[in-house]
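Residue numbers (the numbering used here): 4 to 170. Glycine included, C-beta positions come from ideal geometry on N, C-alpha and C. These notes are about the structure you will find just below.
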């Protein structure tokens with residue numbers, strides 16, 4: 004099973020500010036939908052709260068330490084291991100070969116070592132923020148595809164796919 008992380012990230016690694024994206028890029032939202040549709044998605048509770056609802060067409064798996072937390076339309080788990088196990092079951096059942104981790108920062112940190120693919124929207128800006136994507140060795144994650152973003156967003160950007168080199 005492929006484990007992919009999907010993230011929009013500024014040059015300085017910032018991915019969020021006060022539980023929101025620090026930019027407005029409508030094409031990135033469309034790209035996110037195209038990458039994640041039909042696949043199980045894993046997110047932390049703060050990321051879920053920032054969205055405010057389950058994303059349709061995907062099994063939404065939310066990781067939280069709060070054993071009493073519940074939300075309609077989502078599967079609640081309490082560790083990354085539980086999330087990955089459930090997402091793998093769902094992906095197998097649905098006939099898809101990839102599950103998606105969609106943040107936030109702490110969930111990315113926990114899952115980066117296990118990932119095989121990164122879907123990165125590279126935002127060509129340095130912005131202020133309180134959430135960052137973990138640093139990674141770019142040599143171990145060669146770029147396999149790059150698509151320039153459409154003009155007119157808050158900042159220039161590109162959609163980049165990187166696959167991890169495995170020994």
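Name the DSSP bridge partner or partners of residue i?
{"i": "residue 19", "result": "134"}
{"i": "residue 47", "result": "66"}
{"i": "residue 5", "result": "101"}
{"i": "residue 11", "result": "124"}
{"i": "residue 160", "result": "126"}
Would you decide whether residue i is buried or exposed? Buried here means 16 or more other CB atoms lie within 10 Å of its CB.
{"i": "residue 150", "result": "exposed"}
{"i": "residue 90", "result": "buried"}
{"i": "residue 63", "result": "buried"}
{"i": "residue 154", "result": "exposed"}
{"i": "residue 117", "result": "exposed"}
{"i": "residue 86", "result": "buried"}
{"i": "residue 94", "result": "buried"}
{"i": "residue 88", "result": "exposed"}
{"i": "residue 67", "result": "buried"}
{"i": "residue 114", "result": "buried"}
{"i": "residue 31", "result": "buried"}
{"i": "residue 41", "result": "exposed"}
{"i": "residue 54", "result": "exposed"}
{"i": "residue 14", "result": "exposed"}
Measuring alpha carbon to alpha carbon, tell me which residue in the options is nearest residue i.
{"i": "residue 61", "options": "48, 105, 72, 11", "result": "105"}
{"i": "residue 124", "options": "110, 138, 20, 12", "result": "12"}
{"i": "residue 75", "options": "88, 92, 57, 82", "result": "57"}
{"i": "residue 20", "options": "135, 153, 6", "result": "135"}
{"i": "residue 77", "options": "52, 7, 6", "result": "52"}
{"i": "residue 127", "options": "161, 120, 96, 107", "result": "161"}
{"i": "residue 79", "options": "65, 69, 71, 92", "result": "65"}
{"i": "residue 142", "options": "169, 132, 133", "result": "169"}
{"i": "residue 22", "options": "122, 167, 50", "result": "50"}
{"i": "residue 82", "options": "130, 112, 9", "result": "112"}
{"i": "residue 39", "options": "48, 110, 9", "result": "9"}
{"i": "residue 84", "options": "140, 47, 24, 152", "result": "47"}
{"i": "residue 152", "options": "167, 28, 132", "result": "28"}
{"i": "residue 4", "options": "34, 25, 18, 103", "result": "103"}
Give the DSSP-derived three-state secondary structure of residue i in the structure shown.
{"i": "residue 52", "result": "helix"}
{"i": "residue 167", "result": "coil"}
{"i": "residue 36", "result": "helix"}
{"i": "residue 29", "result": "helix"}
> Along the chain, which unbroken stretches of the beta strand (DSSP E) at least 3 residues long are found entirely within the segment 72–150?
Replying inline: Counting whole runs of 3 or more residues, the segment 72–150 contains the beta strand (DSSP E) stretches 78–80, 101–104, 120–126.
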